[in-house]
Amino acid sequence: DAGVTQSPTHLIKTRGQQVTLRCSPKSGHDTVSWYQQALGQGPQFIFQYYEEEERQRGNFPDRFSGHQFPNYSSELNVNALLLGDSALYLCASSSRFVAEGGNTIYFGEGSWLTVV
Amino acid sequence: AQSVTQLGSHVSVSEGALVLLRCNYSSSVPPYLFWYVQYPNQGLQLLLKYTTGATLVKGINGFEAEFKKSETSFHLTKPSAHMSDAAEYFCAVSQFGNEKLTFGTGTRLTIIP
């Protein structure tokens, strides 16, 4: 059973460019969340998707956008990259159809983004 | 709003000694509490979680944590540290278990041979 898979694992972009990160949730999961983890910090919630719509959003600017596809996979897009966007971007998957309290959130290995 | 405070950004213990990592939370509703571990250059792995019921929760790799509502704490312990326990540990809180997680800033655990 494949867990949460993310691509690419590492990438380098220039300030002002745009980046797209991809995530496939764990089999059986329908909900995808994205987190940003800056060096030496805890992960920060960006947004969550299910039923192909953004359901919750953290304190991130509109430059951060996302999409969820019918197969539950998801993309995170960041426009007009800033040096401060350099971080590990983590995808997490879960299921809305597990009884409350029984759900477990699984994380992928992350995508390391460096903005130069 | 929910928040998590992890006391001690760096903790060092000798191999075989007790591991104690501290976590205090703030939540206006009954919290769901989690401990995750992150090894270098890897994602997050769930160690254990508290939802409802028994306040002492056992996790993987010999770790356990106790939910103390009166102290708003969820400290992580392991009786005997192993070299393989060296990693970054994050405490997190959520409202309903599958909602967004709010993480602490992490504690880096170093094991001294």
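Residue numbers (my numbering), protein chains in the order written: chain Y, -11 to 104; chain G, 863 to 975.
Glycine residues also receive a C-beta, built at the ideal position from the N, C-alpha and C atoms.
- Counting only residues of its own chain and dropping the five nearest sequence neighbours on each side, H937(G) has a CB closer than 7 Å to the CB of L882, L883, R884, C885, A927 and E928.
- Less than 9 Å separates the beta-carbon of S21(Y) from that of I93(Y).
- Between the alpha carbons of E63(Y) and S83(Y) lies a gap of roughly 18 Å.
- As the crow flies, the alpha-carbon of P975(G) is around 7 Å from that of M945(G).
- Following the DSSP letters along the chain, one finds Q24(Y) inside the beta strand (DSSP E) bounded by residues T19 to Q25.
- E933(G) counts as exposed, since fewer than 16 other C-beta atoms from the protein chains shown sit within 10 angstroms of its C-beta.
- Close CB contacts of H55(Y) within its chain, under the 7 Å cut and outside five residues either way in sequence, are with S62 and E63 (chain order).
- Proximity of the region -11 to -3 of chain Y to the region 864 to 882 of chain G falls short of the contact definition, fewer than three beta-carbon pairs being nearer than 8 Å.
- For P31(Y), the number of other beta carbons within 10 angstroms of its own is at least 16, and it is reported as buried.
- Contact of V875(G) with chain Y is not assigned, every C-beta pair being separated by 9 Å or more.
- Counting other Cβ atoms within 10 Å of its Cβ, L27(Y) stays below 16 and is therefore classed as exposed.
- Non-local beta-carbon contacts of A879(G) in its own chain, meaning distances under 6 Å to residues more than five positions away in sequence, involve A943 in chain order.
- Shown here, I93(Y) sits in coil according to DSSP, grouped into three states, outside any helix or strand.
- Spanning the alpha carbons of R43(Y) and A949(G) requires a straight line of approximately 32 Å.
- In the structure shown, the three-state DSSP call for L963(G) is coil.
- Membership of S82(Y) in the beta strand (DSSP E) is indicated by the continuous run A75 to S82.
- Counting only Cβ-Cβ distances below 8 Å, T(-7)(Y) has no contacts in chain G at all, with the closest Cβ about 11 Å away.
- The beta-carbon of G46(Y) is placed less than 9 Å from the nearest beta-carbon of chain G.
- Nearest CB-CB separation between Q32(Y) and chain G: below the 9 Å threshold.
- Around the beta carbon of P13(Y), a 10 Å sphere encloses 16 or more other beta carbons of the protein chains shown; the residue is thus reported as buried.
- Between F965(G) and the set V899(G), I922(G) and T917(G), the nearest pair of CA atoms involves V899(G).
- At a C-beta separation below 7 Å, L908(G) has these neighbours in chain Y: T92.
- DSSP places E63(Y) in the uninterrupted beta strand (DSSP E) bounded by S62 to V66.
- At a beta-carbon threshold of 7 Å, none of the residues of chain Y lie near T934(G); the nearest stands roughly 18 Å away.
- Note that the C-beta distance between C953(G) and V875(G) is not below 9 Å.
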